[in-house]
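First comes the structure, then the notes that go with it.
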Amino acid sequence: MKTTIKVEGMSCEHCEQTVEEALRRVNGVSDAVADRTANRASVDGDADVTTLVQAIEDAGYSASS
68 MKTTIKVEGM SCEHCEQTVE EALRRVNGVS DAVADRTANR ASVDGDADVT TLVQAIEDAG
128 YSASS
């Protein structure tokens with residue numbers, strides 16, 4: 068299943084990498100790609116959306132489903 072999450076606060080490639088790494092650590096995530104220009108992250112897997120949003124927020128960014 069693919070999930071798209073709105074992410075605010077990414078301003079550089081390092082920000083994208085930080086969000087991707089945070090999402091990939093979540094159980095059930097097989098891949099994650101963050102896009103700062105689109106202000107979103109796309110996640111493959113079966114992780115709960117609430118858990119994904121929390122992982123992004125724990126990494127220091129604002130997120131919503």
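One point on numbering: in my numbering, the residue at position 37 of the sequence shown is 104, and numbering is uninterrupted. Backbone N, C-alpha and C fix where the C-beta goes; we use that ideal spot for every residue, glycine too.
Terminal residues of the alpha helix (DSSP H) in which residue i lies
i      : result
Ala122 : Val116 to Asp125
Val86  : Glu80 to Arg91
Identity of the residue in the options nearest residue i by Cα
i      : options                          : result
Lys73  : Val96, Val100 and Gly112         : Val100
Thr104 : Gly76, Asp113 and Met68          : Gly76
Asn106 : Met68, Ser78 and Gly95           : Ser78
Ala89  : Gly112, Glu80, Leu119 and Ser131 : Leu119
Gln84  : Gly95, Asp102, Thr70 and Val93   : Asp102
Asn94  : Ser131, Ala122, Glu80 and Tyr128 : Ala122
Where the beta strand (DSSP E) containing residue i begins and where it ends
i      : result
Val100 : Val96 to Asp102
Ala108 : Arg107 to Gly112
Reduced DSSP secondary structure (H/G/I, E/B, other) of residue i
i      : result
Ser129 : strand
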